[in-house]
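To keep things clear, I will list the structure first and then write my remarks on it.
2 protein chains.
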Amino acid sequence: MKGARPPHADKLRWWGWGDPAHPQALPAHALDFLRETVGIAARPRPPVALGQVRLAAPALSEPTAAALREIVGAEGLRDDHAERVVHAAGKGYPDLVRLRAGAPEGAPDAVVRPGDHEQLRAVLDRCAQASVAVVPWGGGTSVVGGVAPLRGEHAAVIALDIERMARVLELDRISRTVTVQAGIRAPALERALAPSGFTLGHFPQSYEYVSLGGCAATRSAGQASSGYGRIEQLVLGMRFAAPAGEIALAPFPASAAGPELRRLLVGSEGTLGVIEELTLRVRPAPRERIYEGVFFADFAAGVEALRELAQQRACPDVARLSDEAETRMSLALAGAGGVKGRLGRAYIGLRGYGEGCLAILGFEGEAEEVAARRKRALELARRGGGLAVGRSPGEAWRKGRFSAPYLRDELLTQGVMVETLETATSWSNLRALHRAVATAIADALAAQGTPGLVMCHVSHLYETGASLYFTFLARQREGAELEQWAAVKRAASEAIVAGGGTITHHHAVGRDHAPWLADEVGREGVAVLRALKGELDPAGIMNPGKLLP
Amino acid sequence: MKGARPPHADKLRWWGWGDPAHPQALPAHALDFLRETVGIAARPRPPVALGQVRLAAPALSEPTAAALREIVGAEGLRDDHAERVVHAAGKGYPDLVRLRAGAPEGAPDAVVRPGDHEQLRAVLDRCAQASVAVVPWGGGTSVVGGVAPLRGEHAAVIALDIERMARVLELDRISRTVTVQAGIRAPALERALAPSGFTLGHFPQSYEYVSLGGCAATRSAGQASSGYGRIEQLVLGMRFAAPAGEIALAPFPASAAGPELRRLLVGSEGTLGVIEELTLRVRPAPRERIYEGVFFADFAAGVEALRELAQQRACPDVARLSDEAETRMSLALAGAGGVKGRLGRAYIGLRGYGEGCLAILGFEGEAEEVAARRKRALELARRGGGLAVGRSPGEAWRKGRFSAPYLRDELLTQGVMVETLETATSWSNLRALHRAVATAIADALAAQGTPGLVMCHVSHLYETGASLYFTFLARQREGAELEQWAAVKRAASEAIVAGGGTITHHHAVGRDHAPWLADEVGREGVAVLRALKGELDPAGIMNPGKLLP
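For the record, the sequence lines run as chains A and B. Just so we're on the same page, the numbering used here is the position in the first sequence counted from 1, plus 5. Just so we're on the same page, the numbering used here is the position in the second sequence counted from 1, plus 5.
In structure tokens form, the structure reads like this:
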């Protein structure tokens, strides 16, 4: 596998998400719904052609380019227009707005693909000597500006794409750990584990394209993290290449040997160095998977039921609860055909359209064990007022669990802004924070002259709290899309900080959340992160402008 | 509660463990057993009287003492002989050897007890200005030299005893978190939680005296951590006072906001600052507790069964497996009266004395839920060759779970060295590491001319591995007790590092493990820790000589 480019890498749309051959998914009734609610553009706004994307000429000096080429080989360094455009941004809303208009903020001066440890090491050394900024690049799926090609004080910037470092190095079946090079994509790892009957169980919405190194660098949480754990719980060992040197941490199951350095490097977002190898906990692939819907009369009842599940050793592997607005929207987008069977009867017949909250509970594992856990969870949900409405909503969610980014592309074409943001807080504060953030987003959208739809779901349950994941839609302010977005993002972030939430539960800090990091960790916390950077990256070349305010 | 000294504080023996009124526990047959195996001293070797302990005169300058007294009040600063002796060392084997002989390495020049945040802050500032080293002091129970009164480059050293900062600040029943001042002792916290029906569930062997701040600073693992989680999983939020400033981390259930700073401060062992407040996860106090014995034909079979439990979502809250030597020793010390009922019949009648391995499995929670988990666990244990031998060994273990340190005092009086050390590794490496470390200890003891007994148990199960906890006994080399100990400790630590284990699973690094920290985190990992210290403690006053090699 070494040296080969994964076949999907070329297929990720440079201006959006996923395989260009992916079918359009926005049905006519959904478009009608949007037209009636937030409004859409007078005519479709497709992205420009690749050739129309405007980039400055590459700024990498010829001696540096030659030196890097010597390290990684001619094929390992690319500075053609297409490669630079593909690595010009991540997949956040502002990234896509800029790319679709053919006007990214910039692009890496070259894309460099080391093939092994020695090449990676040599590239970092050379860049430190030559004052070239380095943006580590895994799947390129950041939605918070985490891979923006910022050069900081430096003469040039490269994208350090680790896709050639994607081998599975070792599977320890007894201890249930796998050691991989960090460039491996999540689906490739699952494919490699499947013949041995294991799974990592890490399924962020970006699953189809993320690298495991990227997941670890950004403290990703998969959709099934309530069951399988967040990435920081899956990462046991690590090999980390920093400009100052290497840190290798053995995959001990636990230790008391001082501050937990692996939790320092997980979440470092490329600002301290490059995660090169990971040892990850794996589990037997589930033989049974049951995803089903449970309906609650209102958000408060649903939240209480989820809390019970999380606190009574009865947490499903996936648990999410849409608020009233998201429930209404999901059913509207699903259309009449999506409201079937018991759910439809319960929802429409018994309660009236536009009310109530749908939860999805998912259970994975051995059949007998799943049956026991499911029985207990449904019993608790029922006691909390939940009405089990069968598997069709669960299966529908599971089928569409990675499709939102595709839908976003279509909404952008229709002139509709769609953005998501997330937080987490304690159970006792959850509903207050939900109200505060939803209100802040709605008010900010209205203040832009583009009143929108704001919806949310609870997911990622913990014993002491849960995350809130907001989605909002509004008509784009044509010509002022970025200002519109920035105003709403700012309002939401301020409401999160003021309301006692973390600025990010799993999207990471990147560039977009950096202004609020000091609100989360304090001035001295930021100073600690700067001290770490000073030690590991004394020349300051690693991913400038990210994480630190 | 503020300002009052906990009643037990005065009762901890200055030369050993616990309440001086605690009854002696070493029965005659156990003494016979020791005499026949490792040998005992010709006559008892009691500790010297308190007045005979030799200390240098306090070195704190009068202006600094006056300034500190102004901050904390006259009662808040003590430099009398008794206070200095009590704070002269922790409770490790070499500490006790020195104390009992009346010859501690040194003592703090004063014991300072701030009563609130402002006083703590002012004490740190004053010490930084005056170049006075600060040893944060919780329960004083470190067994790795973590509270040794080392002054490093500084003019003087104080023990910063936080026992006056021991209030419960807030209980969030909905989110199941409690916020406390870090000086609170574990039993006091449990007493405070009990009326609300909650428990922290953190029961290290030092439970009777530890502070929660100390637990967090040293990455403690309670005996029931398989069920309740290690301290780093219980710590959600924190207020941390460093000489350079304060870090306050909100108790978010999870976050992706950069490197996890709370995991940096947990485990910092007083070298970066003082943990001042903690927000901890709590759980409902169990209404049912079942502890029972399961007998395995050999260590290998027991290890496999524990691995199954850990990997099949069937882990008891407490699970530990004694190897053959520890099983033999436990039964010998228990005497004929301790081998009762089914265990006795199975052990003696069916298998022959001196073979086999005893596991203790403990389940805590609601009756129905405990019954279900227990049934499943015992079924898995049986499939793995385990023979359930009833509750009496489990109850015996539970009753004696905090008594080993008392026993150690008695063994020292008899001229018997007893020491424990621990590590953790993957399941696939567990048995090899067990052999390697046990052999290294036995060989080192023999090389000292004092062949000993070496035993071990597996505990603290994780999906990917477990800990190994070694105990060894040997006749003391009179007059060369510390050299004898150091030689064995070195041999064991080298075997752990060479054999792929962590240098400590829950005792922390302190001074004793510091020489091996670089083996664990590498040269660059140590450099990172030094950079952190440079930022948070620029004058280098915090707990000199600990953690960092």
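Built from N, CA and C at the ideal position, the CB exists for glycine as well. Here the structure is a predicted model, which means the values were calculated and not measured.
Within chain A, S431, S433 have C-beta atoms less than 7 Å from the C-beta of B/D177, given in sequence order. Around the Cβ of B/E80, a 10 Å sphere holds fewer than 16 other Cβ atoms; the residue is exposed.
Not a single C-beta of chain A is nearer than 8 Å to the C-beta of B/G390. In this structure, B/L522 is the residue among B/L522, B/F38, B/I365, B/D542 with its C-alpha nearest to the C-alpha of A/P264.
Around the beta-carbon of B/D130, fewer than 16 other beta-carbon atoms lie within 10 Å, marking it exposed. When only Cα atoms are considered, A/V459 and A/L270 end up about 35 Å apart. Looking at the backbone, the Cα of A/A445 and that of A/L416 are separated by about 23 Å. Within chain B, the residues A261 have their CB atoms less than 9 Å from the CB of A/H512, given in chain order. Apart from the 5 residues on each side of it in sequence, A/S472 sits with its Cβ closer than 8 Å to the Cβ of A226, E427, T428, A429, V463, S464, H465, H510, H511 in its chain, given in chain order.
Going by C-alpha positions, B/G111 is about 46 Å away from B/R396. For A/Y467, the nearest beta carbon of chain B is closer than 8 Å to its own beta carbon.
Taking A/Q489 as the centre and dropping the five residues before and after it, the same chain places the C-beta of Q453, R482 closer than 6 Å to its C-beta, in chain order.
Distances from the alpha-carbon of A/P248 to those of A/Q186, A/A401, A/S408, A/E281 put A/E281 closest. Short of 6 Å from the beta carbon of A/R312, and not among the five residues preceding or following it, lie these beta carbons of its own chain, in chain order: W432. Here B/K380 is exposed. Its C-beta has fewer than 16 other C-beta atoms within 10 Å. In this model, B/A191 and B/L205 are separated by some 9 Å (Cα to Cα).
B/L277 and B/L254 have their alpha carbons spaced roughly 16 Å apart. When the beta-carbon positions are compared, B/A536 and A/L537 come within less than 8 Å of each other.
B/W142 carries a strand assignment under DSSP once its states are collapsed to helix, strand and coil.
Under the DSSP assignment, B/T418 falls in the alpha helix (DSSP H) whose first and last residues are 409–418.
Only residues of its own chain outside the window of five on either side were considered, and among them L412, E415 have a CB closer than 7 Å to the CB of A/L31, listed in chain order. For the C-beta of A/A253, the chain B residues within less than 7 Å are, from N- to C-terminus, G527. Within the same chain, Cβ atoms closer than 8 Å to the Cβ of A/L60 are found at H86, R89, V90, A93, P109, G111, A112, the five residues on either side in sequence being excluded. The C-beta distance from B/V43 to B/G457 rounds to 5 Å, short enough to fall under 8 Å. With contacts defined as CB atoms closer than 8 Å, B/F300 and B/A310 fail to qualify as a contacting pair. In the DSSP annotation of this structure, B/E371 is not part of any beta strand (DSSP E), being labelled neither H nor E. In this structure A/L198 is buried. Its beta-carbon is surrounded by 16 or more other beta-carbon atoms within 10 angstroms. Per DSSP, A/A247 lies in no alpha helix (DSSP H) segment; the continuous beta strand (DSSP E) that holds it begins and ends at 240–247. Residues of the stretch 313–327 of chain A with a Cβ closer than 7 Å to any Cβ of chain B, in chain order: Q316, R318. Residue nearest to A/D542 within the set B/G120, B/E529, B/P549 is B/E529 (criterion: CA-CA distance). When only Cα atoms are considered, A/G56 and A/F475 end up about 35 Å apart.
For A/E427, the uninterrupted beta strand (DSSP E) segment begins and ends at 421–431. Collapsing the DSSP output to three states places A/Q228 in coil.
Within the stretch 123–151 of chain A, no residue places its CB atom closer than 8 Å to a CB of chain B. For B/Y98, the uninterrupted alpha helix (DSSP H) segment begins and ends at 98–105. By the rule that beta-carbons nearer than 8 Å mark a contact, B/F301 does not touch chain A.
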